[in-house]
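Residue numbers (the numbering used here): 1 to 350.
Don't be surprised by glycine CBs; every beta carbon is placed ideally from N, CA and C.
Here's the structure we're looking at; comments come further down.
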Ligand code: TTP
Ligand code: MG
């Protein structure tokens with residue numbers, strides 16, 4: 001399930017002042033140095049009927065809503081965050097794996113909970129929507145689908161306050177008629193380029209030769225567009241973990257700059273870290289080394305990988321790379337060495 005809270009900042013304002021519900025409500029933010037550069041952060045659906053959407057310069061919003069008893073409010077993020085936290089806490093209790101992706105958006109993996117049954121999933125989704133509305137007073141839209149990509153697109157179809165279910169057998173027909181811009185990662189420019197190639201709908205894209213897509217958009221994006229258009233997305237719902245990192249350190253028997261001696265010690269540290277990682281179902285994205293030098297100063301070096309992983313060899317390889325480059329930069333001997341992995345994510349779908 002993808003849950004996206006409806007017109008979130010503005011709905012929060014309506015929650016504390018229900019009189020606003022029937023009026024156009026615009027929450028604005030300072031986007032620059034002068035008053036004139038203020039833009040609409042979000043607007044309720046009453047205001048949207050007059051063409052007022054996120055990003056519109058505030059003075060234009062005012063023009064569009066002149067004489068309509070519209071209400072303009074500043075952003076009170078602290079208050080919105082409080083409401084968001086309350087909802088997210090509640091949503092988390094209803095799923096197997098929870099991944100929050102923004103202040104008003106979260107993926108819920110409910111596969112185990114509903115034993116893969118979409119009808120049961122639909123009942124659960126409706127139950128959650130009703131409960132949140134009753135308990136907290138906020139409405140949201142849900143996309144329920146076999147994977148994150150389709151759930152995201154489905155959540156946008158019947159906004160606000162609705163549930164869209166796409167069962168596995170209906171994925172490609174569901175996607176086919178939407179414009180390509182609905183695919184996450186297809187922006188205005190990419191859509192224009194696709195249109196020139198006679199690709200306007202997701203269906204057109206799904207039928208297009210993947211090799212030609214690769215030629216036009218590069219290997220990664222070409223393959224991604226082809227998969228996405230066919231409703232394929234293997235990305236798991238994963239929880240970003242609060243534990244920032246796992247690290248181990250070791251004091252060298254004697255101060256050294258010998259790469260092989262250092263690698264022999266880091267190998268032990270890495271094995272221990274990796275065991276911890278597997279036991280907790282974590283994957284990591286960043287690998288670092290920590291050195292306490294002979295003069296007791298501390299140095300750090302780290303590298304972010306292109307994808308999250310649980311692979312031992314990636315830690316070993318990165319540590320070696322970091323140590324080599326560190327030794328080429330510093331002349332001092334190392335007294336204590338440490339290895340750290342961070343940007344951890346918990347996953348049950350390895
Ligand atoms: P969205 O979920 O994109 O928008 P929304 O919740 O207001 O409306 P919808 O019913 O279509 O989901 O963004 C969530 C919040 O993030 C939104 O309430 C305000 C903020 N935001 C901005 O501040 N600026 C922006 O340009 C956008 C898109 C959102
Ligand atoms: Mg929203």
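Residue i beta carbon near ligand 1 (any heavy atom closer than 7 angstroms)
i, result
"residue 105", "yes"
"residue 187", "no"
"residue 111", "no"
"residue 184", "no"
"residue 21", "no"
"residue 266", "no"
"residue 152", "no"
"residue 74", "no"
"residue 159", "yes"
"residue 42", "yes"
"residue 54", "yes"
Cβ separation of residue i and residue j, assumed to be a contact under 8 angstroms, to the nearest whole Å
i, j, result
"residue 277", "residue 323", "About 20 angstroms; that fails the 8 angstroms criterion."
"residue 148", "residue 237", "6 angstroms"
"residue 203", "residue 228", "Actually they do not touch by this definition, with Cβ atoms about 12 angstroms apart."
"residue 250", "residue 265", "5 angstroms"
"residue 284", "residue 302", "Rounded, the Cβ-Cβ distance is 11 angstroms, inconsistent with contact."
"residue 91", "residue 128", "7 angstroms"
"residue 199", "residue 180", "6 angstroms"
Check: residue i C-beta below 7 angstroms from any heavy atom of ligand 2
i, result
"residue 4", "yes"
"residue 77", "no"
"residue 321", "no"
"residue 9", "no"
Cα-Cα separation, residue i to residue j
i, j, result
"residue 95", "residue 109", "6 angstroms"
"residue 257", "residue 330", "9 angstroms"
"residue 166", "residue 146", "8 angstroms"
"residue 154", "residue 340", "39 angstroms"
"residue 350", "residue 101", "Any answer about residue 350 is weak, because its pLDDT of 36 lies below 50 and its placement is not dependable; what the coordinates show is given next. Those two C-alpha atoms are separated by around 20 angstroms."
"residue 221", "residue 315", "27 angstroms"
"residue 70", "residue 169", "45 angstroms"
"residue 423", "residue 65", "Because the chain spans 1 through 350 in this model, residue 423 falls outside it and cannot be assessed."
"residue 201", "residue 300", "49 angstroms"
"residue 172", "residue 318", "40 angstroms"
"residue 225", "residue 296", "51 angstroms"
"residue 106", "residue 1", "8 angstroms"
"residue 280", "residue 22", "49 angstroms"
"residue 83", "residue 136", "8 angstroms"
"residue 232", "residue 321", "35 angstroms"
"residue 61", "residue 19", "20 angstroms"
"residue 412", "residue 164", "Nothing about residue 412 can be read from this structure; the chain reaches only from 1 to 350."
"residue 15", "residue 87", "14 angstroms"
"residue 205", "residue 289", "44 angstroms"
"residue 104", "residue 45", "16 angstroms"
"residue 345", "residue 68", "48 angstroms"
"residue 191", "residue 212", "16 angstroms"
"residue 52", "residue 43", "7 angstroms"
"residue 292", "residue 335", "6 angstroms"
"residue 134", "residue 6", "15 angstroms"
"residue 178", "residue 268", "53 angstroms"
"residue 120", "residue 186", "33 angstroms"
"residue 41", "residue 158", "21 angstroms"
"residue 123", "residue 93", "16 angstroms"
"residue 150", "residue 332", "54 angstroms"
"residue 312", "residue 287", "11 angstroms"
"residue 160", "residue 219", "36 angstroms"
"residue 274", "residue 125", "37 angstroms"
"residue 78", "residue 97", "26 angstroms"
"residue 54", "residue 85", "22 angstroms"
"residue 310", "residue 99", "19 angstroms"
"residue 184", "residue 214", "17 angstroms"
"residue 188", "residue 270", "44 angstroms"
"residue 182", "residue 17", "34 angstroms"
"residue 234", "residue 89", "26 angstroms"
"residue 114", "residue 152", "19 angstroms"
"residue 50", "residue 58", "13 angstroms"
"residue 112", "residue 304", "32 angstroms"
"residue 118", "residue 162", "16 angstroms"
"residue 75", "residue 11", "12 angstroms"
CB contact check: residue i to chain C, cutoff 8 angstroms
i, result
"residue 139", "The structure shown contains no chain C, having only a single protein chain."
Whether residue i touches residue j by CB criterion (8 angstroms)
i, j, result
"residue 252", "residue 337", "yes"
"residue 24", "residue 39", "no"
"residue 80", "residue 9", "yes"
"residue 140", "residue 27", "no"
"residue 245", "residue 306", "no"
"residue 248", "residue 216", "no"
"residue 13", "residue 73", "yes"
"residue 294", "residue 255", "yes"
Any non-hydrogen atom of ligand 3 within 7 angstroms of residue i CB
i, result
"residue 70", "Here the bound small molecules are ligand 1 and ligand 2; ligand 3 is not part of this structure."
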